[in-house]
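As structure tokens, the structure follows; a few thoughts come after it.
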Amino acid sequence: GNSVTQMEGPVTLSEEAFLTINCTYTATGYPSLFWYVQYPGEGLQLLLKATKADDKGSNKGFEATYRKETTSFHLEKGSVQVSDSAVYFCALSQGAQKLVFGQGTRLTINP
Amino acid sequence: GAGVSQSPSNKVTEKGKDVELRCDPISGHTALYWYRQSLGQGLEFLIYFQGNSAPDKSGLPSDRFSAERTGGSVSTLTIQRTQQEDSAVYLCASSPGFATRGGYGYTFGSGTRLTVV
Chain A
1 GNSVTQMEGP VTLSEEAFLT INCTYTATGY PSLFWYVQYP GEGLQLLLKA TKADDKGSNK
61 GFEATYRKET TSFHLEKGSV QVSDSAVYFC ALSQGAQKLV FGQGTRLTIN P
Chain B
1001 GAGVSQSPSN KVTEKGKDVE LRCDPISGHT ALYWYRQSLG QGLEFLIYFQ GNSAPDKSGL
1061 PSDRFSAERT GGSVSTLTIQ RTQQEDSAVY LCASSPGFAT RGGYGYTFGS GTRLTVV
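Chains A and B, in that order, are what the protein sequence lines are.
First residue of the first sequence: 1, per this note's numbering; consecutive thereafter.
First residue of the second sequence: 1001, per this note's numbering; consecutive thereafter.
Structure below.
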């Protein structure tokens, strides 16, 4: 079945550091790929998505590129801020079927 | 409505009691999903509705869990004879059920925090 594997956390960085959170997936066909973010005490929000190979999703300075050859969708940001501290979830879906989530990566940014 | 609405936002119940959690999806969204997020854990899929039918209920952890959806809108997740391991945040999401230019748009509610004491 479909699955998503994320880099294990927690991840702790200093402000303005470069961020990469690795995500790889297993799926038949061509899934859509997503990154969701959950800020402390808040619900799950879509951060960015990509629906086909080589697409790049971007939002709030975060980027991720759909790499079919490596079945990856790594999340990157060039300069993180304290406000980026949250739990990040990589996910995939096929058609209107359920989202399959990775285990989540807790990110803490220190000033 | 403008977003996915879940109620109650918090529920404390005694072990052995039944609970009902409600999800009101975005108007017109035909697909509805229930997930569970236990403390420190990821998101566990429970059940998926397309209209009023549930093509995928593979994630329901036991026969104490059931869900229904009526009128293609509101859904209720029922947990019978609650146990302490049922304590978690229960999340509901909805989507149009078809692809738009941006793909399938899933919108999540804020969740119901269930505590079984």
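Glycine is no exception: its CB is placed at the ideal position from the N, C-alpha and C atoms.
Bear in mind that the values here come from a model prediction, so they are computed numbers and not experimental data.
**OP:** Closer than 6 Å by C-beta to residue 3 of chain A: which residues in its own chain qualify, once you throw out the five before and the five after it? Chain order, please.
**Re:** In the first sequence, the residue the question calls residue 3 of chain A occupies position 3. The answer, listed in chain order, is 26.
Original post:
Does DSSP put residue 14 of chain A in a helix, a strand or coil?
Top reply: For the purposes of this step, residue 14 of chain A is taken as residue 14 along the first sequence, with counting starting at 1. The three-state secondary structure of residue 14 of chain A, taken from DSSP, is strand.
Original post:
So with Cβ pairs under 8 Å, would you call residue 73 of chain A a contact of chain B?
Top reply: Within the first sequence, numbered from 1, the residue matching residue 73 of chain A stands at position 73. No, no contact with chain B.
Original post:
Listing by chain order, which chain B residues have their CB less than 7 Å from the CB of residue 98 of chain A?
Top reply: Counting from one through the first sequence, the residue named residue 98 of chain A turns up at place 98. Chain B residues near residue 98 of chain A: 1033, 1045, 1048, 1056.
Original post:
residue 73 of chain A bridges to which residues according to DSSP?
Top reply: Looking up residue 73 of chain A in the first sequence gives position 73. Answer by DSSP bridge pairing: none, since residue 73 of chain A is not bridged.
Subject >> Separation of residue 1032 of chain B from residue 97 of chain A, as counted between CA atoms >> reply: Within the first sequence, the letter at position 97 stands for residue 97 of chain A. Within the second sequence, the letter at position 32 stands for residue 1032 of chain B. Going by the C-alpha atoms only, they are around 10 Å apart.
**OP:** Label residue 1101 of chain B either buried or exposed according to how many other C-beta atoms from any shown protein chain fall within 10 Å of its C-beta, with 16 as the threshold for buried.
**Re:** Working through the second sequence from its first residue, we reach residue 1101 of chain B at position 101. The predicted position of residue 1101 of chain B is uncertain, since its pLDDT is 48 and thus under 50; no value can be drawn from it.
Original post:
Bridge partners of residue 1012 of chain B, per DSSP?
Top reply: Looking up residue 1012 of chain B in the second sequence gives position 12. B:1115, per the DSSP bridge assignment.
**OP:** For chain A, find out if any of its Cβ atoms is closer than 8 Å to the Cβ of residue 1109 of chain B; answer yes or no.
**Re:** The residue given as residue 1109 of chain B occupies position 109 in the second sequence. Yes, residue 1109 of chain B counts as interfacial toward chain A.
**OP:** In angstroms with no decimal places, state the Cα-to-Cα distance between residue 82 of chain A and residue 1053 of chain B.
**Re:** For the purposes of this step, residue 82 of chain A is taken as residue 82 along the first sequence, with counting starting at 1. For the purposes of this step, residue 1053 of chain B is taken as residue 53 along the second sequence, with counting starting at 1. Cα to Cα, the separation comes out at about 44 Å.
**OP:** Please report how far the alpha carbon of residue 41 of chain A lies from the alpha carbon of residue 28 of chain A, in whole angstroms.
**Re:** In the first sequence, the residue the question calls residue 41 of chain A occupies position 41. In the first sequence, the residue the question calls residue 28 of chain A occupies position 28. So the two alpha carbons sit approximately 35 Å from each other.
Subject >> Simplified DSSP assignment, three categories, for residue 1084 of chain B >> reply: In the second sequence, counting from the first residue as 1, residue 1084 of chain B sits at position 84. Helix.
**OP:** Drop a sphere of 10 angstroms on the beta-carbon of residue 1083 of chain B, count the other beta-carbons inside from all chains shown, and report buried for 16 or more, exposed for fewer.
**Re:** As a first step, residue 1083 of chain B is located in the second sequence; it is residue number 83 there, counting from the start. The residue in question, residue 1083 of chain B, is exposed, as its Cβ has fewer than 16 Cβ neighbours within 10 Å.
Original post:
Given residue 1016 of chain B, which residues of its chain have a CB within under 7 Å of its CB, disregarding the five upstream and five downstream residues?
Top reply: To locate residue 1016 of chain B, count along the second sequence from 1; it is residue 16. Closer than 7 Å at the Cβ level, and outside the excluded window around residue 1016 of chain B, lie 1081, 1082.
**OP:** State yes or no: is the beta carbon of residue 1088 of chain B nearer than 8 Å to at least one beta carbon in chain A?
**Re:** Position 88 of the second sequence holds residue 1088 of chain B. No - not a single Cβ of chain A is within 8 Å of the one on residue 1088 of chain B.
**OP:** Throw me the rounded Cβ distance for the residue 1036 of chain B and residue 1021 of chain B pair, which I believe falls under 8 Å.
**Re:** In the second sequence, counting from the first residue as 1, residue 1036 of chain B sits at position 36. In the second sequence, counting from the first residue as 1, residue 1021 of chain B sits at position 21. Residue 1036 of chain B to residue 1021 of chain B, Cβ: 10 Å. No contact.
**OP:** Can you tell me which of B:1073, B:1028, B:1003, B:1042 puts its alpha carbon nearest to the alpha carbon of residue 1090 of chain B?
**Re:** For this step, residue 1090 of chain B is matched to residue 90 along the second sequence. In terms of Cα proximity to residue 1090 of chain B, the closest of B:1073, B:1028, B:1003, B:1042 is B:1042.
Original post:
Less than 7 Å between the CB of residue 1059 of chain B and some heavy atom of the ligand NAD, yes or no?
Top reply: Ligands displayed in this structure: none; no statement on the ligand NAD is therefore possible.
Original post:
Under 8 Å between the Cβ atoms of residue 19 of chain A and residue 76 of chain A?
Top reply: Taking the first sequence and counting its residues from 1, one reaches residue 19 of chain A at position 19. Taking the first sequence and counting its residues from 1, one reaches residue 76 of chain A at position 76. Yes, the pair counts as a contact, with Cβ atoms nearer than the cut-off.
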